[in-house]
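J.: Chains as they are written, first to last, in the working numbering: chain A, 1 to 257; chain B, 1 to 257.
Beta carbons: idealized from backbone N, C-alpha and C, even for Gly.
Below: one structure in structure tokens.
2 protein chains.
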Amino acid sequence: MGGNSYGQVVTPPLHLRVADELRGRISRGQLPVGAALPSEAQLCEEFAASRGTVRQALAALRNEGLIGGGQGKPPVVRQAAVAQPFETFLSFTRWARQMGREPGQRTVEIARRGAGPIAADALGIDEGTPVVEVLRLRLLDGIPTMLERSSFIEPVGRLLFDFDLDAGSIYEHLQERGVDLRAARHTIDAIAANEIDADLLTITAGAPLLRERRRAIDATGTRVEYGDDRYRPDLVTFTIDNVQAGRVSPHVLKETP
Amino acid sequence: MGGNSYGQVVTPPLHLRVADELRGRISRGQLPVGAALPSEAQLCEEFAASRGTVRQALAALRNEGLIGGGQGKPPVVRQAAVAQPFETFLSFTRWARQMGREPGQRTVEIARRGAGPIAADALGIDEGTPVVEVLRLRLLDGIPTMLERSSFIEPVGRLLFDFDLDAGSIYEHLQERGVDLRAARHTIDAIAANEIDADLLTITAGAPLLRERRRAIDATGTRVEYGDDRYRPDLVTFTIDNVQAGRVSPHVLKETP
DNA sequence: TCGAAGCACTTGTTCAGACAAGTTTCCGCG
DNA sequence: CGCGGAAACTTGTCTGAACAAGTGCTTCGA
Numbered sequence: 001m002g003g004n005s006y007g008q009v010v011t012p013p014l015h016l017r018v019a020d021e022l023r024g025r026i027s028r029g030q031l032p033v034g035a036a037l038p039s040e041a042q043l044c045e046e047f048a049a050s051r052g053t054v055r056q057a058l059a060a061l062r063n064e065g066l067i068g069g070g071q072g073k074p075p076v077v078r079q080a081a082v083a084q085p086f087e088t089f090l091s092f093t094r095w096a097r098q099m100g101r102e103p104g105q106r107t108v109e110i111a112r113r114g115a116g117p118i119a120a121d122a123l124g125i126d127e128g129t130p131v132v133e134v135l136r137l138r139l140l141d142g143i144p145t146m147l148e149r150s151s152f153i154e155p156v157g158r159l160l161f162d163f164d165l166d167a168g169s170i171y172e173h174l175q176e177r178g179v180d181l182r183a184a185r186h187t188i189d190a191i192a193a194n195e196i197d198a199d200l201l202t203i204t205a206g207a208p209l210l211r212e213r214r215r216a217i218d219a220t221g222t223r224v225e226y227g228d229d230r231y232r233p234d235l236v237t238f239t240i241d242n243v244q245a246g247r248v249s250p251h252v253l254k255e256t257p
Numbered sequence: 001m002g003g004n005s006y007g008q009v010v011t012p013p014l015h016l017r018v019a020d021e022l023r024g025r026i027s028r029g030q031l032p033v034g035a036a037l038p039s040e041a042q043l044c045e046e047f048a049a050s051r052g053t054v055r056q057a058l059a060a061l062r063n064e065g066l067i068g069g070g071q072g073k074p075p076v077v078r079q080a081a082v083a084q085p086f087e088t089f090l091s092f093t094r095w096a097r098q099m100g101r102e103p104g105q106r107t108v109e110i111a112r113r114g115a116g117p118i119a120a121d122a123l124g125i126d127e128g129t130p131v132v133e134v135l136r137l138r139l140l141d142g143i144p145t146m147l148e149r150s151s152f153i154e155p156v157g158r159l160l161f162d163f164d165l166d167a168g169s170i171y172e173h174l175q176e177r178g179v180d181l182r183a184a185r186h187t188i189d190a191i192a193a194n195e196i197d198a199d200l201l202t203i204t205a206g207a208p209l210l211r212e213r214r215r216a217i218d219a220t221g222t223r224v225e226y227g228d229d230r231y232r233p234d235l236v237t238f239t240i241d242n243v244q245a246g247r248v249s250p251h252v253l254k255e256t257p
């Protein structure tokens with residue numbers, strides 16, 4: 001458990017630096033869409049790296065869908081793939097913006113305390129291990145829509161204390177600080193609103209809520225966040241499209257009716 | 001691919017063969033979830049490959065979210081079972097069987113009557129057009145778990161009258177009779193149990209239920225069924241896995257806690 | 001002029017070795 | 001018996017080299 005170094009300043013491995021530099025050039029428009037990247041040999045020289053290292057960096061970009069290309073041809077910058085459903089599904093802020101709605105939030109509480117039994121189990125840590133808990137009321141066009149309870153493992157949660165939680169997306173902030181969220185498992189069920197839920201969401205206690213519990217994992221497989229989001233079911237639903245034949249995996253959306 | 005334009009079959013690159021073999025072991029259950037993979041050194045020996053090649057294969061699996069792990073620790077198989085979600089997601093019977101649970105049902109009502117406003121809208125027909133409505137209580141190991149209200153368009157629903165609804169899967173029966181279900185859209189929300197729901201599901205009125213509304217479409221694009229399934233949220237949840245990089249689309253499961 | 005062969009350049013695959021960094025195991029000491 | 005620490009083992013990073021395979025430009029010949 002002790003190896004995490006979020007936030008510490010150490011020079012990352014070479015292949016990550018190469019990948020970051022190229023990502024930067026692409027996002028800055030220095031390498032416009034459709035342009036060919038420098039050849040592997042050129043990159044080797046520029047970064048004083050071996051070809052294996054450069055290829056490792058390119059593989060990462062290919063993986064993210066940033067570049068394409070084939071054997072014999074230099075890799076080209078691809079059209080910034082459609083806002084990854086991952087991001088959209090994970091981040092309330094991005095989801096709302098993509099729909100043309102105005103996201104908002106009111107932070108009710110942020111605290112560093114020992115993990116409770118549920119969060120500890122979900123995060124795979126011992127009960128009482130320090131975590132950072134955030135309770136935020138999320139708004140859509142000013143209307144209370146969802147109540148978000150998150151528990152972050154300490155090395156990640158620490159990054160939230162120098163962030164204005166009412167300013168925007170936690171995930172965007174964490175990503176900028178080097179936290180590389182990779183996968184998430186969402187469990188959806190229904191639950192009756194308790195007094196606190198009801199008060200904040202301006203509904204009556206006992207009313208049914210649509211609950212999405214979330215376990216987010218970073219690139220190394222470390223469980224980073226456990227979340228419990230409670231939606232007003234009259235304002236938000238989940239939609240799943242599935243198609244039989246064409247091995248088109250199901251597509252999941254959050255929707256407002 | 002793996003063949004040239006003349007149809008010749010060429011052996012794919014070694015790293016792909018290694019990855020495929022490992023994928024197979026995972027999907028066959030030979031490497032169960034949570035199990036550690038052989039060490040890189042062992043894999044090198046087994047496949048007579050160098051470490052770089054083995055690592056290339058492992059990177060692919062990691063990318064697909066099949067394995068996780070960190071430095072110093074052997075990679076472990078992650079929860080990401082791959083069954084065809086469509087059938088499983090659509091059919092309560094198949095879903096239950098796949099989990100090793102015993103599905104059951106008690107048909108409360110089957111009737112041919114004019115479509116109500118909601119079903120008519122969902123099916124794209126005029127209100128009052130005849131449809132076949134089925135109300136079934138679905139059981140898991142004998143326990144009332146879900147209440148299923150389905151409206152089938154008349155030409156399809158007619159096939160249900162020569163079928164013992166308590167015998168098994170409606171979808172299997174329809175498929176045998178030539179109804180080719182192709183796609184479905186599921187909308188998930190939460191709703192309070194009404195008196196009837198509560199009575200049949202042996203819960204109290206007003207308790208939160210997990211609702212999945214469904215619109216199934218056949219191969220020609222005709223809307224065939226509108227369904228309203230209400231689950232006891234303490235017995236069934238929906239789970240969605242999503243992975244960022246490997247453009248692995250989200251995977252949807254129904255689960256019993 | 002036009003087509004094809006050839007060549008230079010590119011990426012894809014694979015190997016062998018070395019060191020760094022994290023984890024687990026196990027032995028000896030208190 | 002318990003605990004600390006060394007040792008063995010594992011994965012992560014990086015290098016340098018070689019050959020295979022695909023692409024595109026050039027050049028040569030008909």
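Give the interface partners of B:L210 over in chain A, defined as CB-CB distance under 7 Å, in chain order.
T.: D189, A190, listed in chain order.
J.: Alpha carbon to alpha carbon, what distance is there between A:A122 and B:A190?
T.: If you take the alpha carbons of B:A190 and A:A122, they lie about 23 Å apart.
J.: From what residue to what residue does the beta strand (DSSP E) around B:P130 run?
T.: 130 to 140 is the span of the beta strand (DSSP E), which, as asked, contains B:P130.
J.: For B:R113, which residues of its own chain have a beta-carbon under 8 Å away from its beta-carbon, when the five flanking residues on both sides are left out?
T.: P130, V131, E133, listed in sequence order.
J.: Between A:N194 and chain B, is any beta-carbon pair separated by less than 8 Å?
T.: Answer no: the Cβ-Cβ gap between A:N194 and chain B never drops below 8 Å.
J.: Tell me, please, whether the CB atom of B:T239 is closer than 8 Å to any CB atom in chain A?
T.: For B:T239, the answer is yes, since a Cβ of chain A falls inside 8 Å of its Cβ.
J.: What ranges does the alpha helix (DSSP H) occupy inside the region 37 to 87 of chain B, keeping only unbroken runs of at least 4 residues that lie completely in it?
T.: The qualifying runs are 40 to 47, 51 to 63.
J.: Within a Cβ cutoff of 6 Å, which residues of the same chain sit near B:L209, ignoring the five residues on either side of it in sequence?
T.: Result list for B:L209: I191, A193, R230, in chain order.
J.: May I ask which residues mark the beginning and end of the alpha helix (DSSP H) holding A:R17?
T.: Segment 14 to 27, the alpha helix (DSSP H) holding A:R17.
J.: Count the other CB atoms, across all protein chains shown, that sit within 10 Å of the CB of B:V82; report buried if there are 16 or more and exposed otherwise.
T.: Bear in mind that a pLDDT of 43 at B:V82, under 50, signals an unreliable position, so the number given afterwards is only what the model happens to contain. Exposed: under 16 other Cβ atoms inside 10 Å.
J.: According to DSSP, what are the bridge partners of B:E127?
T.: Paired residue(s): none; B:E127 is not in a bridge.
J.: Rank A:G104, A:L61, A:G142 by C-alpha distance to the C-alpha of A:A167 and give the top, closest one.
T.: Comparing Cα-Cα distances from A:A167 to each of A:G104, A:L61, A:G142, the minimum goes to A:G104.
J.: Check this for me: beta carbons of A:A57 and A:L22, under 8 Å apart or not?
T.: Yes.
J.: Select from the region 24 to 38 of chain B all residues with a C-beta closer than 9 Å to any C-beta belonging to chain A, and list them in chain order.
T.: Against chain A - using a Cβ distance shorter than 9 Å - the region 24 to 38 of chain B contributes no residues.
J.: Ends of the beta strand (DSSP E) at B:E225?
T.: Note, B:E225: beta strand (DSSP E), 223 to 231.
J.: How would you list, in chain order, the residues of chain B whose beta-carbon sits under 9 Å from the beta-carbon of A:H186?
T.: By Cβ distance, chain B contributes F238, T239, I240, D241, N242, P250.
J.: Is any beta-carbon of chain A found at less than 8 Å from that of B:G206?
T.: Chain A, which has a Cβ nearer than 8 Å to the Cβ of B:G206, makes this yes.
J.: Please state whether DSSP places B:F92 in a helix, a strand or coil.
T.: Residue state, collapsed to three classes: helix.
J.: Rounded to the nearest angstrom, how far is the Cβ of A:A49 from that of A:L90, given a contact under 8 Å?
T.: Their Cβ separation, rounded to whole angstroms, is 32 Å, which puts A:A49 and A:L90 out of contact at 8 Å.
J.: Quick check: A:L66 and A:T145, are their CB atoms within less than 8 Å of each other?
T.: Cβ distance not < 8 Å, so A:L66 and A:T145 don't count as in contact.
J.: Of all Cβ atoms in chain B, is any one closer than 8 Å to the Cβ of A:A111?
T.: No, its Cβ sits nowhere closer than 8 Å to a Cβ of chain B.
J.: By how many angstroms is the C-alpha of A:R182 removed from the C-alpha of A:D20?
T.: If I take the Cα positions, the gap works out to 17 Å.
J.: Which stretch, first to last residue, makes up the beta strand (DSSP E) that contains A:D218?
T.: Looking at the DSSP string, the run of the beta strand (DSSP E) that includes A:D218 is 208 to 218.
J.: What number of angstroms, rounded off, separates the C-alpha of B:D199 from the C-alpha of B:E172?
T.: Straight-line Cα distance between these residues: approximately 29 Å.
J.: Straight-line CA distance for A:D228 to A:R214?
T.: Cα-Cα distance, rounded: 6 Å.
J.: According to DSSP, is A:D261 part of a helix, a strand, or is it coil?
T.: Past the boundaries of the shown model lies residue 261 of chain A; chain A is included only from 1 to 257, so the question cannot be answered.
J.: Where does the unbroken beta strand (DSSP E) through A:I143 begin, and where does it stop?
T.: Here the beta strand (DSSP E) through A:I143 covers 143 to 153.
J.: What residue range does the alpha helix (DSSP H) around B:A198 cover?
T.: Segment 195 to 201, the alpha helix (DSSP H) holding B:A198.
J.: Can you check whether the CB of B:E212 is closer than 8 Å to the CB of B:I188?
T.: Closer than 8 Å, so yes.
J.: Taking the alpha-carbon of B:T93 as reference, which of B:L165, B:E154, B:G70 has the nearest alpha-carbon?
T.: Considering only alpha carbons, the answer is B:L165.
J.: Determine, using beta carbons only, whether A:A183 comes closer than 8 Å to chain B.
T.: So, interface residue.
J.: According to DSSP, is B:T11 helix, strand or coil?
T.: It is coil, neither helix nor strand.
J.: Among the residues of its own chain, which have a CB less than 6 Å from the CB of B:Q84, if the five just before and after it don't count?
T.: Residue placement at B:Q84 cannot be trusted, given a pLDDT of 44 that sits under 50; the coordinates are not used to answer.
J.: From this set, A:E176, A:G128, A:R25, A:E109, which residue's C-alpha is nearest A:I118's C-alpha?
T.: Checking every option, the nearest Cα to that of A:I118 belongs to A:G128.
J.: I'd like to know whether the C-beta of A:P144 is nearer than 8 Å to at least one C-beta of chain B.
T.: False, the Cβ-Cβ gap to chain B never drops below 8 Å.
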